[in-house]
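A short worksheet on the structure shown next.
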């Protein structure tokens, strides 16, 4: 019977080329844009490498130092005259007022002294992302975004190594002249990409370093891993390591044993913030070490808002509404198109029922017709979206971000197609299946 | 074959109640070719719809092919219509999106008959009405007479015991109408199919075994 519904659906679609074209155009275009949007979000938020442990991580990109002063206010509540004397009730309120603040990444020493040994964290990645280094070869110069990291950075973040591997704890301790490159940086500098590059030397800044590994460039543009070259953090300028101030150029990412363990890490960091004692000569008296989940961090970076909850609200509420609207509009349009088309076919339904079609048969026929057109439209949309994603990625049209084209995105996409097909077909099919035969045949 | 006992049908709106049929009794034996005549609005089509389980009577009982079907509902009605009844309409009601042979196959689709057998039976039915060479055409490529012959093929493809025809020659000229009557008569004689036909045309009615006249929802002869 399913085969019958299917062939029938195809026959009807072939006989109505204009309707089919209009529907297909709408469906495939809508679904294409949906897929590209999904892909964009998956690139930023999905568990793509190096963020496969996304749900285990707490990011601490910076700390905020504040100078607060008590702010006293006196409010006169009631005023009365009694026995020739003025009487009044007042409320006194003491609040905290921020006089000045400063925020930014932390110093290496501050992280090592305060955050490196959190009880609730399995390990911590420490990195410095603030610099650019020039690479020289054959008289040409390339400017690379350079990251200085500890060894655990490579365990917390799950980079895909194309060749070679990361530098080790010993390399970091010995300040070894080793480097990990992205595939793009390698191709730019050496002109080729392959296993033969491992062990090759590179002129980076005023040093010669050896290539230890080459990683696949991550899809997302995240401050956690936007580097072209990664070096052991001990090879950074000695002054950056010795600086005892709170602020510096380093950030941290903590890994919890379980996703639920993130809460304990955040609480521990908040506790450290609350109990931190500034030296007497400091200009500040209060510290807030930022801590957020990766998704919160994404929201904070995207909308440039420092409060994680606020950032999530600002990003996701309008976004969800927008996506819903974006899906709802063509969906309503399609339902509308289907309803009017189905009503044109009332006589057909009358005939089918007269010759023995039950409600279920009619319902299934129309749902199938709609599913067939949605699936065809969806496939066209998929091809268009893949083309668009490849084009965007090949030309780096979104800056560092590349769109992800994973099985997960395709899976979500297929779900959306099915949902779209079912939803847009169900209502018209349901209404039409209730058609009264006598009325349908008369009119 | 068809037994209508004390059938009444009224249509009710907010303000008025219209009586379409009043205490109608009718018995059609197996193999009879019966015609029903009467002025417009006298209840002919309502009567035919009640026999076809397309409409329900307000009162009375319907017995078709030996079964009391008055209280049939939903899928029961659908199956009964599919197996026992064939319909022919004045305005043909072919599905324009489907080819002639697909139209003819339609009743078999709801009987879960396999594709190959369906084709075979449909070709047989088309041969019966002399339209074998039009199988792959679409309805809008056919003349009125041809369309009605396709509709007859569709009505007989499932080999029903009863055919209900609502003014089958009403939209055709007398020559084509005559041809349709030839086919119906042949069906009745060769296959023994019981046929009930509503018509406005005395000449067509004369070619049937018996004529029932209605007026204002009542039998007058």
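Residue numbers (the working numbering), protein chains in the order written: chain A, 1 to 443; chain B, 1001 to 1221.
Think of the CB as a built atom: it goes at the ideal place given N, C-alpha and C, for glycine as much as any other residue.
Bear in mind that the values here come from a model prediction, so they are computed numbers and not experimental data.
Since residue i meets chain A, which of its residues come closer than 7 Å, beta carbon to beta carbon?
i, result
"residue 1082 of chain B", "355 and 356"
"residue 1033 of chain B", "By Cβ distance, chain A contributes nothing, its closest Cβ being about 21 Å from residue 1033 of chain B, past 7 Å."
Compare the C-alpha of residue i against each of the options and name the closest.
i, options, result
"residue 1136 of chain B", "B:1144, B:1108 and B:1098", "B:1098"
"residue 15 of chain A", "A:178, A:339, A:369 and A:79", "A:369"
"residue 133 of chain A", "A:105, A:209, A:428 and A:88", "A:209"
"residue 280 of chain A", "A:245, A:234, A:384 and A:259", "A:245"
"residue 1209 of chain B", "B:1017, B:1005 and B:1030", "B:1030"
"residue 1004 of chain B", "B:1198, B:1012, B:1050 and B:1010", "B:1050"
"residue 277 of chain A", "A:320, A:114 and A:401", "A:114"
"residue 168 of chain A", "A:181, A:152, A:159 and A:158", "A:152"
"residue 293 of chain A", "A:260, A:273, A:286 and A:205", "A:260"
"residue 108 of chain A", "A:171, A:331, A:386 and A:148", "A:148"
"residue 417 of chain A", "A:32, A:202 and A:436", "A:32"
"residue 1082 of chain B", "A:356, A:329, A:190 and A:374", "A:356"
"residue 312 of chain A", "A:298, A:322 and A:325", "A:298"
"residue 352 of chain A", "B:1068, B:1035 and B:1085", "B:1085"
"residue 1111 of chain B", "B:1008, B:1152, B:1159 and B:1188", "B:1159"
"residue 144 of chain A", "A:119, A:173, A:91 and A:231", "A:231"
List the residues of chain A whose Cβ lies closer than 9 Å to the Cβ of residue i, in chain order.
i, result
"residue 1049 of chain B", "437, 438 and 441"
"residue 1054 of chain B", "350, 353, 354, 436, 437, 438 and 441"
"residue 1121 of chain B", "What residue 1121 of chain B touches in chain A: nothing, since even the nearest Cβ is about 14 Å away."
Going by other Cβ atoms of all chains shown within 10 Å of its Cβ, with 16 needed for buried, is residue i buried or exposed?
i, result
"residue 76 of chain A", "exposed"
"residue 257 of chain A", "exposed"
"residue 1115 of chain B", "exposed"
"residue 1141 of chain B", "exposed"
"residue 1043 of chain B", "buried"
"residue 407 of chain A", "exposed"
"residue 1105 of chain B", "buried"
"residue 1046 of chain B", "buried"
"residue 425 of chain A", "buried"
"residue 1076 of chain B", "exposed"
"residue 1102 of chain B", "buried"
"residue 1016 of chain B", "exposed"
"residue 88 of chain A", "exposed"
"residue 945 of chain B", "Look at the range of chain B in this structure, 1001 to 1221, and you will see that residue 945 of chain B is not part of it."
"residue 85 of chain A", "exposed"
"residue 194 of chain A", "exposed"
"residue 53 of chain A", "buried"
"residue 255 of chain A", "buried"
"residue 397 of chain A", "exposed"
"residue 44 of chain A", "buried"
"residue 60 of chain A", "buried"
"residue 93 of chain A", "exposed"
"residue 1189 of chain B", "exposed"
Could you list which residues in chain B have their beta carbon closer than 9 Å to that of residue i, in chain order?
i, result
"residue 11 of chain A", "1097, 1098, 1099 and 1102"
"residue 359 of chain A", "1074, 1075 and 1078"
For a contact defined as C-beta to C-beta under 9 Å, what are the partners of residue i on chain C?
i, result
"residue 1058 of chain B", "Going by chain labels, chain C is absent from the structure shown, which instead holds the protein chains A and B."
On the DSSP bridge assignment, give the partners of residue i in chain order.
i, result
"residue 211 of chain A", "A:179"
"residue 1213 of chain B", "B:1037"
"residue 100 of chain A", "A:67"
"residue 1024 of chain B", "B:1007"
"residue 73 of chain A", "A:93"
"residue 231 of chain A", "A:148"
"residue 1195 of chain B", "B:1033 and B:1163"
"residue 202 of chain A", "A:209"
By the criterion of Cβ-Cβ separation under 7 Å, what are the contact partners of residue i in chain B?
i, result
"residue 351 of chain A", "1093 and 1095"
"residue 1 of chain A", "1112"
"residue 15 of chain A", "1097"
"residue 4 of chain A", "1109"
Anything in chain A within Cβ reach of residue i, meaning under 8 Å, just list it in chain order.
i, result
"residue 1106 of chain B", "351, 352 and 355"
Open item on the list: Closer than 9 Å between beta carbons: that is the criterion. Which residues of the stretch 1141 to 1172 of chain B meet it against chain A?
Closed with: Taking 9 Å as the Cβ-Cβ cut-off against chain A, the residues of the stretch 1141 to 1172 of chain B that qualify are 1154, 1155, 1158 and 1166.
Task: Cβ-based contacts, 9 Å cut-off: residues of the stretch 330 to 348 of chain A near chain B - done: For the stretch 330 to 348 of chain A, the set of positions with a beta-carbon nearer than 9 Å to some beta-carbon of chain B reads 345, 347 and 348 in chain order.
TODO: Report the residues of the stretch 1012 to 1023 of chain B with a CB closer than 7 Å to any CB of chain A, ordered along the chain.
DONE: Going along the stretch 1012 to 1023 of chain B in chain order, one finds no residue with a Cβ nearer than 7 Å to chain A.
Task: Near-chain A residues of the stretch 1181 to 1207 of chain B (beta-carbon distance less than 8 Å), N- to C-terminal order - done: For chain A, none of the residues of the stretch 1181 to 1207 of chain B brings a beta carbon within less than 8 Å of one of its beta carbons.
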